[in-house]
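First comes the structure, then the notes that go with it.
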Amino acid sequence: GSTGSIGAAACKNNVTSFQRKGPRASGTDSGCSRLVSIAGTRPSVRNGQLLVSTGLPALDQLLGGGLAVGTVLLIEEDKYNTYSSLLFKFFLAEGIINGHTLLVASAKEDPADILQELPAPLLDDNCKKDFDEDVCNHKTPDSNIKMKIAWRYQLLPKMESGPVSSSRFGHYYDASKRMPQELIEESKWHGFFFPEKLSSTLTTEPRSLTGGYRKLLQFIQNVIYEEGFDGSNPQKKQKNILRIGIQNLGSPLWGDDICCTENCDNSHSLTKFLYVLRGLLRTSLSACIITMPTHLIQNKAVISRVTNLSDTVVGLESFTGSGRETNPLYKDYHGLIHIRQIPRLNNLIYDVSDVKDLAFKLKRKLFTIERLHLPPDLSDTVSRSSKQDLAGSSKLLGPGCGMMAGGKQHLDF
Amino acid sequence: MESVVAQAGLVLLRDSVEWEGRSLLKALIKKSALCGERVHILGCEVSEDEFREGFDASVNSRLIYHDVFRDPLNWSQSGEALPGGPLGALQAMCRRTDPGPVTIALDSLSWLLLHLPCPALCQALCALSQQHSCPGGGSPAEPVRVLCLLHEELHGPGPLGALSSLAQAEVILSGTMGQASAHILSRRPQQHPTRQTQWFSILPDLSLDLQGGPPLESQPHPEPHTPPVSKGAGARTRECGGGVRDSSHEQRKHPLDLQVDPTAHMTFNLHLSESERAAKDSLTLPFQFSSEKQQALLRPGPRQATGRIFYEPDAYDDLDQEDPDDDLDV
Numbered sequence: 001g002s003t004g005s006i007g008a009a010a011c012k013n014n015v016t017s018f019q020r021k022g023p024r025a026s027g028t029d030s031g032c033s034r035l036v037s038i039a040g041t042r043p044s045v046r047n048g049q050l051l052v053s054t055g056l057p058a059l060d061q062l063l064g065g066g067l068a069v070g071t072v073l074l075i076e077e078d079k080y081n082t083y084s085s086l087l088f089k090f091f092l093a094e095g096i097i098n099g100h101t102l103l104v105a106s107a108k109e110d111p112a113d114i115l116q117e118l119p120a121p122l123l124d125d126n127c128k129k130d131f132d133e134d135v136c137n138h139k140t141p142d143s144n145i146k147m148k149i150a151w152r153y154q155l156l157p158k159m160e161s162g163p164v165s166s167s168r169f170g171h172y173y174d175a176s177k178r179m180p181q182e183l184i185e186e187s188k189w190h191g192f193f194f195p196e197k198l199s200s201t202l203t204t205e206p207r208s209l210t211g212g213y214r215k216l217l218q219f220i221q222n223v224i225y226e227e228g229f230d231g232s233n234p235q236k237k238q239k240n241i242l243r244i245g246i247q248n249l250g251s252p253l254w255g256d257d258i259c260c261t262e263n264c265d266n267s268h269s270l271t272k273f274l275y276v277l278r279g280l281l282r283t284s285l286s287a288c289i290i291t292m293p294t295h296l297i298q299n300k301a302v303i304s305r306v307t308n309l310s311d312t313v314v315g316l317e318s319f320t321g322s323g324r325e326t327n328p329l330y331k332d333y334h335g336l337i338h339i340r341q342i343p344r345l346n347n348l349i350y351d352v353s354d355v356k357d358l359a360f361k362l363k364r365k366l367f368t369i370e371r372l373h374l375p376p377d378l379s380d381t382v383s384r385s386s387k388q389d390l391a392g393s394s395k396l397l398g399p400g401c402g403m404m405a406g407g408k409q410h411l412d413f
Numbered sequence: 414m415e416s417v418v419a420q421a422g423l424v425l426l427r428d429s430v431e432w433e434g435r436s437l438l439k440a441l442i443k444k445s446a447l448c449g450e451r452v453h454i455l456g457c458e459v460s461e462d463e464f465r466e467g468f469d470a471s472v473n474s475r476l477i478y479h480d481v482f483r484d485p486l487n488w489s490q491s492g493e494a495l496p497g498g499p500l501g502a503l504q505a506m507c508r509r510t511d512p513g514p515v516t517i518a519l520d521s522l523s524w525l526l527l528h529l530p531c532p533a534l535c536q537a538l539c540a541l542s543q544q545h546s547c548p549g550g551g552s553p554a555e556p557v558r559v560l561c562l563l564h565e566e567l568h569g570p571g572p573l574g575a576l577s578s579l580a581q582a583e584v585i586l587s588g589t590m591g592q593a594s595a596h597i598l599s600r601r602p603q604q605h606p607t608r609q610t611q612w613f614s615i616l617p618d619l620s621l622d623l624q625g626g627p628p629l630e631s632q633p634h635p636e637p638h639t640p641p642v643s644k645g646a647g648a649r650t651r652e653c654g655g656g657v658r659d660s661s662h663e664q665r666k667h668p669l670d671l672q673v674d675p676t677a678h679m680t681f682n683l684h685l686s687e688s689e690r691a692a693k694d695s696l697t698l699p700f701q702f703s704s705e706k707q708q709a710l711l712r713p714g715p716r717q718a719t720g721r722i723f724y725e726p727d728a729y730d731d732l733d734q735e736d737p738d739d740d741l742d743v
């Protein structure tokens, strides 16, 4: 009857006197849950912060689950920019796989070319086989002999686990293959190539040093506003993440002389840019990766300011060309990775892992991050000398060092 | 060396007072001119006549010379000076429309660095070396090679680092005992950087003579440019003063064969023979949980002579179970 239809209509519109007050309470679709599930994101297990994957599951694990939406990941480039550009591409490839919108900004390469060079994802049925293959090749007889006495160390968990077929959060990529063209074409991306945006006549004075940065910020702001990543477009049905990638920020190709001199005139343009960028990111559903050639920046104070203005800072140091390439300690690895800063978002404590010595290597298909040294064994079973022995030896060492040549009575051990 | 320097992109020739690079630059220009490429030269440091000497007529006719040396600030107000100064000349070269491979030589980049702001120069160089499409559009990328002469003693680490990060190949000139060497670092995109050292000499007709290895004289004579040091260290400096630039470590002969073998004069034996190695491998360690031990524990046999502990507490033992730390010296 009529009551039934009215009742049904009321249920459909979900109009009750008890309304949950929230930013999406007045949305067109009846918000059944507050946490809108966006593809490729997951809430952090610690504080519920929305996370996206950086494209490298090992790095996600080190950062506490992933990169928080609305934050900046700054990568300090290695000397020849081989591995940092690889991390940059992993980030963008992850965005394409998850269907996120991309914004690629560069002053050196055309963004279309960057997208053509993205690595191909490892599909679930193949990747586990390849990973096992890699692990088997890696276990040489030498490592088996090493673990004969210290076999308990084999039971320690490894830094990163293999590709899990059911995981939809982080994906593995094959750096030797290109991403299929159809995936790139059906993705949505915006490109910012700085030499094109410069006016056609280059004047002798670089067109106000913040010019390049200002244009980039305006571009990002336009994309965020027009595509509705900051919630300004309420008709938008499906929320999505904007992944911003900025390559080689701070290099002279952006018009910034921070890498050329120590006392530059506009030393604040880069820091202003980062400050405004962070403001834009915090008010929108976006995540940003920036690679910066910090090894070229002459003024160390600028580097520390830049680190403070970014949220997560990861430094890469490759062994190519340095003396460490032949060091036997580093022979299995291609470089060191330093986690310089992890943000405190809605939190009072840091989420730092206890491992500080991390090294990376680029295997045939995988980029792995491993511990370089095992921590010392501080368990109860370690034999410790008793207090009497310690006291006795300290007595001996005190005057004994100076009088070694003299009396023989201190030499009995 | 040919393949490395022949690739497209920005090639930096870093020279110094002891090992000058202009002759190498001219040799490379001559090589490209003889290959039929078009060569543009931006001359800033020496006059055109001085630059052109040494080239024969066929090469000279292929060189297109843009002279900045005569009138860098355009004071003579005549139509010969380049419009827009040296930066304008660089941009004009960016916008050329003729097809075919082109080599552009900048003599020298140091002069340009001292007169132009570094970021603008970097942007112009990047635009020069990465010409992807003609203004007409549609044609594939043509190889453009930009050879730049850079006097590295004139600049600080900042500009040098910035330019090195842009370059596809860097050639650092050094040498020993009158023989020049080029330490080449090539950074191709998507590939790992490679290094090699090439010994060479320039013949009077500006052709490049590549040599296999370092010169064979074993008697290093003192370098005239070595600064005077204190008498104590004088002998040592003279001995290793043969290589002036010691930043290039990549010598062909690694000094591994000169290293002393540490196991030569020991009083004990560190080596294992085959039988000893086999015996060591088959030894079961006391705490290793091997399968035999596992089987023995799972199935206790009737004649199991496992060690059993018979303990008789004496007067000093405290059998108080509640305080386990009582017998420690803490």
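Top line first, the protein sequences correspond to chains A and B.
Sequential numbering from 1 applies to the first sequence in the working numbering.
Sequential numbering from 414 applies to the second sequence in the working numbering.
Beta carbons are placed, not taken as given, at the ideal position from N, Cα and C, and that holds for glycine.
From A593(B) to P627(B), what does the alpha carbon distance come to, in whole angstroms?
Looking up residue 593(B) in the second sequence gives position 180. Looking up residue 627(B) in the second sequence gives position 214. Rounded to the nearest angstrom, the two C-alpha atoms are 9 Å apart.
In the DSSP assignment, find the unbroken alpha helix (DSSP H) run with E440(B) in it and report its ends.
The residue you call residue 440(B) lines up with position 27 of the second sequence. The amino acid at residue 440(B) is misidentified as Glu; the sequence shows Ala. Note, A440(B): alpha helix (DSSP H), R435 to L447.
Could you give the C-beta distance for I290(A) and C259(A), rounded to a whole number, given that I count them as a contact under 8 Å?
Translated into the one-based positions of the first sequence, residue 290(A) becomes position 290. Translated into the one-based positions of the first sequence, residue 259(A) becomes position 259. The Cβ separation is near 15 Å, so there is no contact.
Residues of chain B with CB under 8 Å from G211(A), in chain order?
In the first sequence, the residue the question calls residue 211(A) occupies position 211. Going along chain B, no residue has its Cβ under 8 Å from G211(A), so there is no contact; the nearest lies around 11 Å.
What residues in the region 532–545 of chain B bring their beta carbon closer than 9 Å to a beta carbon of chain A?
P532, A533, L534, C535, Q536, A537, C539, A540, Q543 and H545
Suppose the cutoff is 6 Å on Cβ atoms and the five residues either side in sequence are ignored; what does the same chain contact list for L253(A) look like?
By 1-based counting over the first sequence, the position of residue 253(A) is 253. Excluding residues within five positions, the ones whose Cβ falls inside 6 Å are A107 and K108.
Where N263(A) and A470(B) are concerned, what is the direct C-alpha to C-alpha distance, given to the nearest angstrom?
Mapped onto the first sequence, residue 263(A) falls at position 263. Mapped onto the second sequence, residue 470(B) falls at position 57. So the two alpha carbons sit approximately 48 Å from each other.
Does the distance between the C-beta of I585(B) and the nearest non-hydrogen atom of the ligand GDP fall short of 7 Å?
Summarising the ligand content, the structure contains no ligands, and the ligand GDP is consequently not present.
On the premise that L579(B) lies in contact with L541(B), defined as a C-beta separation below 8 Å, what is that separation, rounded to the nearest angstrom?
Your numbering for residue 541(B) matches position 128 in the second sequence. Your numbering for residue 579(B) matches position 166 in the second sequence. Actually they do not touch by this definition, with Cβ atoms about 10 Å apart.
When DSSP builds the beta bridges, which residues end up paired with H453(B)?
Residue 453(B) sits at position 40 when you count from the first residue of the second sequence. I477(B) and I517(B).
List the residues of chain B whose Cβ lies closer than 7 Å to the Cβ of L253(A), in chain order.
Along the first sequence, one-based indexing puts residue 253(A) at 253. Within chain B, the residues C535, Q536 and C539 have their CB atoms less than 7 Å from the CB of L253(A), given in chain order.
Would you please verify whether the beta carbon of E262(A) is less than 8 Å from any beta carbon of chain B?
Along the first sequence, read from residue 1 onward, the residue named residue 262(A) stands at position 262. True, the Cβ-Cβ gap to chain B drops below 8 Å.
Note the first and the last residue of the continuous alpha helix (DSSP H) segment covering Y83(A).
Within the first sequence, residue 83(A) is the residue found at index 83, counting from 1. Unbroken alpha helix (DSSP H) run through Y83(A): Y83 to N98.
DSSP three-state label for A582(B), please.
As a working note, residue 582(B) is residue 169 in the second sequence. The three-state secondary structure of A582(B), taken from DSSP, is strand.
What would DSSP say about G60(A), mapped onto helix, strand or coil?
Taking the first sequence and counting its residues from 1, the one referred to as residue 60(A) is at position 60. This sequence places Asp at residue 60(A); Gly is not what is there. The answer is helix: DSSP assigns D60(A) an H, G or I state.
Would you say Y80(A) lies against chain B (beta-carbon separation less than 8 Å)?
The sequence position of residue 80(A) within the first sequence is 80, counting from 1. It does; some Cβ of chain B falls within 8 Å.
Skipping 5 residues on each side, what residues in its chain have a beta carbon closer than 7 Å to that of K89(A)?
Counted from its first residue, the first sequence places residue 89(A) at position 89. So the qualifying residues of the chain are E117, L118 and P119.
Rounded to the nearest angstrom, what separates D354(A) and L316(A) at their Cα positions?
By one-based count along the first sequence, residue 354(A) stands at place 354. By one-based count along the first sequence, residue 316(A) stands at place 316. Cα-Cα distance, rounded: 19 Å.
Tell me the rounded alpha-carbon separation between K444(B) and L619(B).
Your numbering for residue 444(B) matches position 31 in the second sequence. Your numbering for residue 619(B) matches position 206 in the second sequence. Computed Cα separation, rounded: 9 Å.
Can you tell which of G321(A), K300(A), S310(A) and V223(A) has the C-alpha that lies nearest to the C-alpha of L285(A)?
Your numbering for residue 285(A) matches position 285 in the first sequence. Nearest C-alpha to L285(A): V223(A).
Is T320(A) helix, strand or coil by DSSP?
Here residue 320(A) corresponds to residue number 320 of the first sequence, with the count starting at 1. Reduced to three states, the DSSP call for T320(A) is coil.
When you compare the CB positions of L74(A) and T54(A), do they come within less than 8 Å of one another, or not?
For the purposes of this step, residue 74(A) is taken as the residue at position 74 of the first sequence. For the purposes of this step, residue 54(A) is taken as the residue at position 54 of the first sequence. The answer is no: Cβ separation not under 8 Å.
Starting from Q247(A), find everything on chain B with Cβ-Cβ shorter than 9 Å and list it in chain order.
Your numbering for residue 247(A) matches position 247 in the first sequence. Within 9 Å Cβ-Cβ: nothing; Q247(A) doesn't reach chain B, min ~12 Å.
Expressed to the nearest angstrom, what Euclidean distance is found between the alpha-carbon atoms of L102(A) and E186(A)?
Counting from one through the first sequence, the residue named residue 102(A) turns up at place 102. Counting from one through the first sequence, the residue named residue 186(A) turns up at place 186. Rounded to whole angstroms, L102(A) to E186(A) spans 12 Å at the Cα level.
In or out: Q543(B) buried (at least 16 other Cβ within 10 Å) or exposed?
Here the question's residue 543(B) lines up with position 130 in the second sequence. By the 10 Å Cβ count, Q543(B) comes out buried.
Just the C-alpha distance for T516(B) and H528(B), rounded to the nearest angstrom, thanks.
Position 103 of the second sequence holds residue 516(B). Position 115 of the second sequence holds residue 528(B). Between the alpha carbons of T516(B) and H528(B) lies a gap of roughly 23 Å.
Please list the segments of the beta strand (DSSP E) lying wholly inside the region 589–613 of chain B, counting only runs of 3 or more residues, in order along the chain.
592–599
Flag G162(A) as yes if its beta-carbon sits less than 8 Å from any beta-carbon of chain B, otherwise no.
Here residue 162(A) refers to the residue found at position 162 when the first sequence is read from its first residue. With a pLDDT of only 42 at G162(A), under the threshold of 50, the placement of this residue in the model should not be trusted; the figure read from the coordinates follows. Not an interface residue.
Against chain A, does A691(B) count as a neighbour if the rule is that its beta carbon must be under 8 Å from one of theirs?
Walking along the second sequence from the start, residue 691(B) turns up at place 278. Judged by the 8 Å Cβ criterion, A691(B) is not in contact with chain A.
Using three-state DSSP, classify E689(B) as helix, strand or coil.
Position 276 of the second sequence, counting from 1, holds the residue named residue 689(B). Helix, per DSSP.
From T326(A) to P570(B), what distance separates their C-alpha atoms?
Your numbering for residue 326(A) matches position 326 in the first sequence. Your numbering for residue 570(B) matches position 157 in the second sequence. Their Cα atoms are separated by approximately 26 Å.
Which of the three DSSP states, helix, strand or coil, is assigned to L348(A)?
By 1-based counting over the first sequence, the position of residue 348(A) is 348. In the structure shown, L348(A) sits in coil (DSSP, three-state: anything other than H, G, I, E or B).
Which chain B residues are close to K108(A), counting only those with a beta carbon under 7 Å from its beta carbon?
If you number the first sequence from 1, residue 108(A) lands on position 108. Chain B residues near K108(A): C539.
Please report the residue range of the alpha helix (DSSP H) in which C539(B) lies.
Taking the second sequence and counting its residues from 1, one reaches residue 539(B) at position 126. Here the alpha helix (DSSP H) through C539(B) covers C531 to S542.
Among the candidates L476(B), S523(B), Q536(B) and N473(B), whose CA atom is the shortest distance from the CA of G501(B)?
What you label residue 501(B) is simply residue 88 of the second sequence in a count that begins at 1. For G501(B), the nearest C-alpha among the options comes from Q536(B).
Whose C-beta lies closer than 8 Å to the C-beta of P485(B) among residues of the same chain, with five residues either side of it excluded?
Position 72 of the second sequence, counted from the start, is the residue given in the question as residue 485(B). The residues are C457, G498, P499 and H528.
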